Structure formats: structure tokens, C-alpha cells
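See structure below.
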Amino acid sequence: MSSSPLLAHKLGVHAAAGEDRQLRRDAAYLAAFFCLGLLILYSAISALPPMADEDRAHIRRPRDIAEFHAMQGVMLKYKEVNSGAVLTVFLCAYVFMQSFAIPGSVMFSLLSGPLFGPFSGWCLVCFATTTGAIACYCVSNLFMRRILVARFPQRVAFLEQKARENADNVFYFILSLRMSPLLPNWFINAASPVAGISLRQFSVATFFGLMPINFLHVQAGMTLGYAHSLSGAVHDYRRVLLLLSLSLLALVPVFVKARRKSKELGSHKRDSLSAEDDFTLIKHPREPLPFAKGKGKRDPTDDV
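Counting from 1, one number per residue, gives the positions in the sequence shown under UniProt numbering.
Right under this line is the structure:
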């Protein structure tokens with residue numbers, strides 16, 4: 001009997017050691033896939049024709065609107081003679097950043113409008129964000145499950161609980177998450193397989209859920225010349241109101257379905273109570289009236 005606690009302790013130590021080994025293995029696989037994606041991106045960039053040194057100096061993350069305009073001008077000039085190469089690098093860089101939850105992809109959304117036009121830029125951004133989100137989902141499903149649970153246990157548990165509560169309308173649930181600031185998009189991409197959300201539902205809801213914010217970013221890039229700062233271009237109050245309106249519109253089917261389900265539950269409960277009352281009457285019939293037992297006044301028809 002005294003060896004039982006010692007045995008339990010040893011088993012716990014072995015389980016913890018095994019979990020640590022699995023975490024290290026997942027981290028190694030994730031690093032290998034990251035290096036593979038980086039190699040593909042580097043190959044796409046290396047295939048570009050040479051760029052002048054003064055132009056290359058402007059290709060960096062802009063800190064203000066002047067640097068953004070300088071980078072935009074260089075890329076427009078470069079695109080005139082290398083449109084296919086610019087498009088390839090644009091898509092590779094965007095998908096790579098989305099796949100591994102690297103911040104800064106919004107800059108590609110802002111540049112897509114001036115580079116490819118408002119509609120074409122919007123379509124490209126929708127394609128890139130959805131493809132990157134699917135890649136992030138797949139990478140997370142293979143190698144990031146234990147890492148996410150160990151690093152963000154409360155967030156993962158919250159998303160898993162909400163996914164179970166909305167199991168009958170997962171599409172609208174993900175759609176509403178995409179349009180609300182409740183959880184960041186990178187976390188939704190990575191934690192969805194852990195929460196049990198299927199890839200098909202995730203992909204379709206992601207494509208439609210990110211369309212409004214992608215549209216706003218592309219339009220912000222088109223009108224960036226009229227803004228006094230990058231934040232002013234992205235967070236213009238009209239665009240924020242439009243995004244909120246679209247978010248509320250996406251929640252309408254969820255509320256309608258929840259209300260319908262509540263009515264169905266209420267109707268089912270009333271039917272159950274009615275059936276229970278009928279069973280009670282059959283099992284325990286009400287007491288007969290006094291004259292039925294021969295008590296009280298006699299029925300005059302008895303003498304006839």
C-alpha cells in the first residue's frame with residue numbers, strides 16, 4: 001500500500017516527461033515548416049529582377065505615411081515592368097505571414113488597392129487571407145495543438161466551449177468571430193482545429209467573414225493620400241461604422257436560429273408536461289362526483 005503513492009508519482013513524472021518530449025518535437029516540426037516557407041519566399045524574391053539601391057532602401061515596413069507613399073511609388077514603378085513577379089512575391093509573402101501568424105500583413109492589404117486596383121486588389125487579398133488561414137489551420141492541426149493548449153489554455157478552453165454551444169450553427173459562429181474583436185484572427189486560425197471546428201466550415205466562414213475587413217483595408221489604401229496618418233486611414237469612423245453594421249448583420253442568423261430553438265424547446269416542454277398530465281390522469285383518475293357513489297340527491301330518472 002505504501003508503494004502506491006510512489007508509483008503514482010513515477011507515473012506522473014513519466015507522463016510529464018513524455019509531454020515535454022512531444023512539445024519539443026512539435027516545436028521542431030513547426031520550425032522546419034517555417035524554414036521551408038521562408039525558403040519558398042526567399043526563392044520568389046530572388047527571382048525578381050534587380051532593383052536600384054535607392055529604390056531598395058524604401059522597401060521596408062513604413063513607420064509613417066511618407067514612408068508608405070515612398071514604398072508605394074517604388075512598387076508601382078517596379079510593377080510596370082515586372083507585374084507577374086510582383087504579384088507572385090505579393091501572394092507568397094502574404095500567405096507566409098498569415099500561415100505563421102506574423103504581424104504586418106495589413107500593409108499588403110493597404111498596398112493591394114494602389115498596386116492592382118480596388119476590385120482586383122480586394123479579390124487578391126481575400127484569396128491570400130483565406131489561403132493563409134487554411135495553411136495556419138493545417139499547420140496548427142499537425143504541430144501546434146499541444147503548444148496552444150500549454151501557452152493559451154484559457155483562450156483555447158473558451159473557444160472550445162463556444163464551439164460546442166454553437167455546434168448547430170458553427171458557420172455563423174465563426175462568421176461573427178471574424179467580424180468582432182473578441183479573439184484575434186491569428187488565434188482563430190490556429191485554435192480552430194483544437195476546438196473541433198471542421199476545415200470545411202472554417203474555410204467557408206473565413207472567406208466570407210474576412211471580406212468586409214479586407215474591403216475596408218483595400219479602400220483605406222486607395223484613400224491613404226487623403227489621410228494624415230496610417231492609423232487615420234485604417235480607422236476612419238465611417239469604415240468602422242460600416243464594419244460594425246456588417247458584423248451585426250452577420251449575427252442576425254445566429255439570433256434567429258437561437259430564438260427558433262428556444263421556441264422549439266418551449267413547445268417541447270409544454271408537450272411533455274401535457275403528456276405527463278394525461279399519464280397522471282390515467283394512473284390516478286379523479287375522484288367521482290358524490291352522486292356517482294350513491295350519495296347526495298337521487299337522480300329522478302331512477303324511479304322511472
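Where a beta carbon is used, it is the ideal one built from N, C-alpha and C, also for glycine. Note that the coordinates shown come from a computational prediction; the quantities given were computed from them, not determined experimentally.
The Cβ-Cβ distance between Ala150 and Thr88 does not fall below 8 Å.
Residue state for Met75 is assigned as helix, using DSSP reduced to three classes. With a 10 Å radius around the Cβ and a threshold of 16 neighbouring Cβ atoms, Thr223 comes out exposed.
The distance from the Cβ of Arg146 to that of Gly104 is about 27 Å, inconsistent with a contact at the 8 Å cut-off.
Counting only the Cα atoms, His69 lies some 48 Å from Arg21.
If you look at Ser192, you'll find it isn't in any alpha helix (DSSP H); DSSP assigns it neither H nor E. Annotation for Val218: Ser109, Ser112, Gly113, Pro118, Gly121, Trp122, Val125 place their beta carbon closer than 7 Å to its own, counting only its chain and skipping 5 residues before and after.
Distance from Gly196 to Ala163 at the Cβ level is roughly 6 Å; contact confirmed, criterion being Cβ atoms closer than 8 Å. For the pair Ile188 and Leu175, the CB atoms are not nearer than the 8 Å cut-off. Per DSSP, Ser176 is one residue of the alpha helix (DSSP H) stretching across 170-178. Classified as exposed, Tyr42 has fewer than 16 neighbouring CB atoms from the shown chains inside 10 Å of its CB. One Cα belongs to Tyr94, the other to Leu148, and the distance between them is close to 23 Å. Phe100 carries a coil assignment under DSSP once its states are collapsed to helix, strand and coil. DSSP, read as helix, strand or coil, puts Thr131 in helix.
With contacts defined by Cβ atoms closer than 8 Å, Asp55 and Val74 form a contacting pair.
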